[in-house]
Structures are given as C-alpha cells and as structure tokens.
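*Asks:* The structure under discussion is supplied below as structure tokens; questions concerning it will follow.
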Amino acid sequence: TYVGVRIVEALLRNKANLNNKLGPILVVCFTNHALDQFLEYIKRLNIDKEEPNVVRVGGRARSEQMRECSLQQQVKNMKARRAVPRDIYKPYSTAVKRLFNIKEKIESADLKVTQRGDRLLPLHALQCYIKPEHLAQLEKLSGHYSDGKQIDIWLEIWHSPSVSTDEEMALKQVKESKESEEKKKFQEEWLANQEDDQGTKKQEEFINVDTEAVIAEDRRLLEGEDIFLIPKESSSPAKEKKKVHAPVTIEKKYKEDRFRWAVVQPQPYERRRAIRRGLNCKPMTEKEADNIKDIHMLALRDKWRLYQYWSHQLIRDNKLKTQHMAEEYLQACRDFEETKHELGLHILQSADIIG
Numbered sequence: 314t315y316v317g318v319r320i321v322e323a324l325l326r327n328k329a330n331l332n333n334k335l336g337p338i339l340v341v342c343f344t345n346h347a348l349d350q351f352l353e354y355i356k357r358l359n360i361d362k363e364e365p366n367v368v369r370v371g372g373r374a375r376s377e378q379m380r381e382c383s384l385q386q387q388v389k390n391m392k393a394r395r396a397v398p399r400d401i402y403k404p405y406s407t408a409v410k411r412l413f414n415i416k417e418k419i420e421s422a423d424l425k426v427t428q429r430g431d432r433l434l435p436l437h438a439l440q441c442y443i444k445p446e447h448l449a450q451l452e453k454l455s456g457h458y459s460d461g462k463q464i465d466i467w468l469e470i471w472h473s474p475s476v477s478t479d480e481e482m483a484l485k486q487v488k489e490s491k492e493s494e495e496k497k498k499f500q501e502e503w504l505a506n507q508e509d510d511q512g513t514k515k516q517e518e519f520i521n522v523d524t525e526a527v528i529a530e531d532r533r534l535l536e537g538e539d540i541f542l543i544p545k546e547s548s549s550p551a552k553e554k555k556k557v558h559a560p561v562t563i564e565k566k567y568k569e570d571r572f573r574w575a576v577v578q579p580q581p582y583e584r585r586r587a588i589r590r591g592l593n594c595k596p597m598t599e600k601e602a603d604n605i606k607d608i609h610m611l612a613l614r615d616k617w618r619l620y621q622y623w624s625h626q627l628i629r630d631n632k633l634k635t636q637h638m639a640e641e642y643l644q645a646c647r648d649f650e651e652t653k654h655e656l657g658l659h660i661l662q663s664a665d666i667i668g
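All the letters of the sequence shown, read from the start, carry residue numbers 314 to 668 under this note's numbering.
Put into structure tokens, the structure is as follows:
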C-alpha cells in the first residue's frame, strides 16, 4: 500500500507537466476493506494544497469518509448544487418527466376488468363495443332505482324495483284467489269435523290373507334363491355424458308493503350461481352480433353469449393497451438509464482517482 500510494502521488504531482493528458487513475483491490484503506491514504495527500478528487464505485463502503466519495453520493451532491452540465441535464430532465408521465398514465388508465363471481361489467365500460341501436335499447332500462344495473336487468339477474300497473293488478288477483281458496278449504274442514262428531262410523276389521303365490315367493326370498332384477343404469361419472349447464333464470318475487307492491331482489348466492352459469356460454361471433335487431327478444342463453362477445372485446383491447404502455414505459426506463450513465461518466472523467 505504501509503494502504491507513492506511485499515485508521483503521477498526480506530474499531471500538470503532462498538460492534463493524464486521465483518472484506476485503483482496483480484491476486498472492500483494502480499497477503503488505500483510498483513505490517497485522500490524505496534499497535491498543490488540494486533496485529490476520489470517486469510489461500488457499495459496502465501511468507512464514513469513503461513503461521501461514492459515485451515488457525488451524483446527489452535483444535483443539489445544480452543477450538472446543460448538455447532460436537459436530456436527463426530459427522461425523468417522460417516465413519470407514463407512470401516471398507466395508473390513471381504467384497465382493470371488474368482472367477478357476483358482479358484471357495467354498461359504461362496455358501451364502446355495443352497437348504437343495442345501446339505446339497454339505456331504456335505466330508472331512478336501476342506474348502473341495465346489464343485470337485461340478463335477468336483477329485477327492476318498480312494479307496473299490469303486474300490480295480476298480483292483486292472485292474492284474492288464494284467500278465497283458503277460506273454502277451511269451511270444508270444519264441516268434515262436524260430521265426525255427530255419529261414529262402524269400522270392519279385515284380515289380509296372503295368497299361496305370495307366500311361496316369500319363502324363496328367505331361502336365498337368486332373484333376477332389472339392472339399474350405471351412474358412474366416467360413463355419464358431460352435462351442459344452461343459464339459470331467477324467478321474480314480490312482497306487499303497506301502500304498494315491491320487488324482492335475488339473494347473493342466486346471483353468483346465475352469473357462473352464464359466463360458461360461448361468445357470439361478430357476424351473429351484427344480425341482432332487438336484444330484448333474445333467449337468455343468447343474451349471455352477446354479453360475452362485448366483454371479450373489452379484455382484448385492454391487453393491447397494457402491452403498449408496458413497452413505452420500458423504453423510457432505458432512456433514463442512459442519461443517468452519462452523468455518472461525466463525474468519473473529472475525477483524479477511481476506486
């Protein structure tokens, strides 16, 4: 170490005589401890009443003095003093701004598909992929209590809270008919009980005598003779054909409030089951979707197929957007690293010693 320090001192003192043709001196050691010790000795040299400009590359510096000489710290100090050369600072600043702009763009982008087991995609997320005439038909389902539920109402997993006049009259008739049936049944039971109380009926007891054929059959069963029965159909899963689960229709139920009829909404487990069955349907093709005129006239299974066509288009576009943004962000990261390396290279070129 002593001889090495004297060689470095001789080179630094003759640097002025070489017309600054001597570049940074590279000092390489096997261990961090040896490097720190060597650089500390060099730092104590007094060359023309100035300390040598030492830059340490790499981590794990155990010396506090060498931590201040690290490349990362020198970059921070140069930025704090605003001493970065303009030809390096401008591209660096542009790369940083671009990086943060793309990051904000990615974070603000609505790329998350919120389709779960108990929730469907809302209409505003799918409207870009729905034909104008189909969108107008869905928007007619909007109401004071059903905003945002147009898709759910159309797929019959959510019922419109409002009860129409025709439904109310039908419900009233059903209620009256049930009340009249219950009243009639009660009267019949009351009359039957009265007749039983007025007189007792004579009951004749009969002894059921088995025929000889039945007795002979029983004996054979007791003696353990083979009885040939018609074999049951095998119910093993391997032999059963795969069942195609059709979409589930949730029955519309009502309850009577004090002043009006109200719709009873389906339970969460009913919704989950209906959505799970519906999402198993195969999406429609673009040609099939274009040939549909009235989406309300479709069968329930075709409604789910059309919904799957819309949602698959959304997922496909989101994947393409995500891929494009990821590539743009990675390119910005590469540009940022290049400008960052330019700043580090400028600091290393201006150093006397690089450890």
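We put the CB at the ideal spot given by N, CA and C, even for glycine.
Note that the coordinates shown come from a computational prediction; the quantities given were computed from them, not determined experimentally.
Reducing DSSP to helix, strand and coil, say where R375 ends up.
*Replies:* For the purposes of this step, residue 375 is taken as residue 62 along the sequence shown, with counting starting at 1. Coil.
*Asks:* Using DSSP with H/G/I as helix, E/B as strand and the rest coil, what is R357?
*Replies:* The count along the sequence shown starts at 1 and reaches residue 357 at position 44. Looking at R357 - three-state DSSP - the assignment turns out to be coil, as it is neither helix nor strand.
*Asks:* How many angstroms separate the CA atom of W623 from the CA atom of P560?
*Replies:* Here residue 623 refers to the residue found at position 310 when the sequence shown is read from its first residue. Here residue 560 refers to the residue found at position 247 when the sequence shown is read from its first residue. If you take the alpha carbons of W623 and P560, they lie about 18 Å apart.
*Asks:* Compare the Cα-Cα distances from G591 to each of G372, E583, R614 and I605 and report the closest residue.
*Replies:* Counting from one through the sequence shown, the residue named residue 591 turns up at place 278. Comparing Cα positions, the closest option is R614.
*Asks:* Can you tell me which of E650, T635, I666 and D665 puts its alpha carbon nearest to the alpha carbon of K418?
*Replies:* As a working mapping, residue 418 is identified with position 105 in the sequence shown. When each option's Cα is compared against that of K418, the closest is T635.
*Asks:* Using the three-state DSSP reduction, which class does I588 fall into: helix, strand or coil?
*Replies:* Numbered from 1 along the sequence shown, position 275 holds the residue referred to as residue 588. Looking at I588 - three-state DSSP - the assignment turns out to be helix.
*Asks:* Whose C-beta lies closer than 6 Å to the C-beta of A645 among residues of the same chain, with five residues either side of it excluded?
*Replies:* In the sequence shown, residue 645 corresponds to position 332, counting from 1. Only R411, L412 and I415 meet the Cβ criterion.
*Asks:* Any chance you could list the beta strand (DSSP E) runs of at least 3 consecutive residues sitting entirely within the stretch 594-650, in chain order?
*Replies:* Listed in chain order, nothing qualifies, since the stretch 594-650 has no complete beta strand (DSSP E) run of 3 or more residues.
*Asks:* Got a sec? Which residues, its chain only, sit under 7 Å from F572 by beta carbon, not counting five neighbours each side?
*Replies:* Taking the sequence shown and counting its residues from 1, one reaches residue 572 at position 259. Since pLDDT at F572 reaches only 46, below the 50 mark, its modelled position is unreliable, and the value read off the structure follows with that caveat. Excluding positions up to five away in sequence, the list is empty.
*Asks:* Around the Cβ of Y315, are there at least 16 other Cβ atoms within 10 angstroms (buried) or fewer (exposed)?
*Replies:* Within the sequence shown, the letter at position 2 stands for residue 315. Answer is exposed; the Cβ neighbour count stays below 16.
*Asks:* Pick helix, strand or coil for I401, following the three-state DSSP scheme.
*Replies:* Numbered from 1 along the sequence shown, position 88 holds the residue referred to as residue 401. Of the three classes helix, strand and coil, the one that applies to I401 here is helix, per DSSP.
*Asks:* So, helix, strand or coil for I543, using DSSP?
*Replies:* Looking up residue 543 in the sequence shown gives position 230. Residue confidence for I543 is low, a pLDDT of 42 falling below 50, so the modelled location carries little weight; the figure read from the coordinates is stated next. Coil, per DSSP.
*Asks:* If we require 4 or more residues per run, which alpha helix (DSSP H) segments fall completely within the stretch 315-346?
*Replies:* List check, alpha helix (DSSP H) in window: 315-326.
*Asks:* Report the three-state DSSP secondary structure of I363 (helix, strand or coil).
*Replies:* What you label residue 363 is simply residue 50 of the sequence shown in a count that begins at 1. The question names Ile, yet the displayed sequence has Glu at residue 363. Residue state, collapsed to three classes: strand.
*Asks:* Smallest Cα separation from G372: which of K389, A393 and D349?
*Replies:* In the sequence shown, residue 372 corresponds to position 59, counting from 1. Among K389, A393 and D349, the Cα nearest to that of G372 belongs to D349.
*Asks:* Under a Cβ-count criterion, where at least 16 other Cβ atoms within 10 Å of its own Cβ denotes burial, should D607 be classed as buried or exposed?
*Replies:* Position 294 of the sequence shown holds residue 607. D607 should be labelled exposed.
*Asks:* By Cβ distance below 6 Å, which residues in the same chain neighbour L468 in space, the five residues on each side in sequence not counted?
*Replies:* Translated into positions along the sequence shown, residue 468 becomes position 155. Within the same chain, L468 has close Cβ partners K616.
*Asks:* Quick one: what does DSSP say V368 is sitting in, helix, strand or coil?
*Replies:* Position 55 of the sequence shown holds residue 368. Looking at V368 - three-state DSSP - the assignment turns out to be strand.
*Asks:* What distance in whole Å lies between the Cβ atoms of L656 and I401, which are believed to be in contact at a cut-off of 8 Å?
*Replies:* As a working mapping, residue 401 is identified with position 88 in the sequence shown. As a working mapping, residue 656 is identified with position 343 in the sequence shown. I401 to L656, Cβ: 5 Å. Contact.
*Asks:* Cα separation between I466 and M597?
*Replies:* The residue given as residue 466 occupies position 153 in the sequence shown. The residue given as residue 597 occupies position 284 in the sequence shown. Approximately 20 Å, taken between the alpha carbons.
*Asks:* What separation, rounded to the nearest whole angstrom, lies between the Cα atoms of L358 and V321?
*Replies:* Residue numbering aside, residue 358 sits at position 45 when the sequence shown is read from its first letter. Residue numbering aside, residue 321 sits at position 8 when the sequence shown is read from its first letter. Rounded to whole angstroms, L358 to V321 spans 10 Å at the Cα level.
*Asks:* What's the call for K462, buried or exposed, on a 16-neighbour Cβ count within 10 Å?
*Replies:* In the sequence shown, residue 462 corresponds to position 149, counting from 1. With 16 or more other Cβ atoms within 10 Å, it is buried.
*Asks:* Under a three-way DSSP split, which group does S383 fall into?
*Replies:* Residue numbering aside, residue 383 sits at position 70 when the sequence shown is read from its first letter. S383: strand per DSSP, three-state reduction.
*Asks:* So, are the CB atoms of L324 and L339 less than 9 Å apart?
*Replies:* As a position in the sequence shown, residue 324 is number 11, starting the count at 1. As a position in the sequence shown, residue 339 is number 26, starting the count at 1. No, the Cβ-Cβ distance between L324 and L339 is not below 9 Å.
*Asks:* Given a cut-off of 9 Å, decide if V370 and L661 are closer than it, judged by their beta-carbon atoms.
*Replies:* As a working note, residue 661 is residue 348 in the sequence shown. As a working note, residue 370 is residue 57 in the sequence shown. Yes, they are a contact pair.
*Asks:* Give me, in chain order, the residues of the same chain whose beta-carbon lies closer than 7 Å to that of R326; leave out the 5 immediate sequence neighbours on both sides.
*Replies:* Within the sequence shown, numbered from 1, the residue matching residue 326 stands at position 13. Closer than 7 Å at Cβ, skipping near neighbours: I360.
*Asks:* Note the first and the last residue of the continuous alpha helix (DSSP H) segment covering Q440.
*Replies:* Residue mapping note: residue 440 aligns to position 127 of the sequence shown, counting from 1. Taken as a continuous stretch (DSSP letters only), Q440 belongs to no alpha helix (DSSP H), as it is neither H nor E.
*Asks:* Taking only three categories from DSSP, how would you classify R432?
*Replies:* Locating residue 432 in the sequence shown gives position 119, where the first residue counts as 1. In the structure shown, R432 sits in a strand (DSSP, three-state: E or B).
*Asks:* Skipping 5 residues on each side, what residues in its chain have a beta carbon closer than 7 Å to that of H659?
*Replies:* For this step, residue 659 is matched to residue 346 along the sequence shown. Within the same chain, H659 has close Cβ partners P398 and I401.
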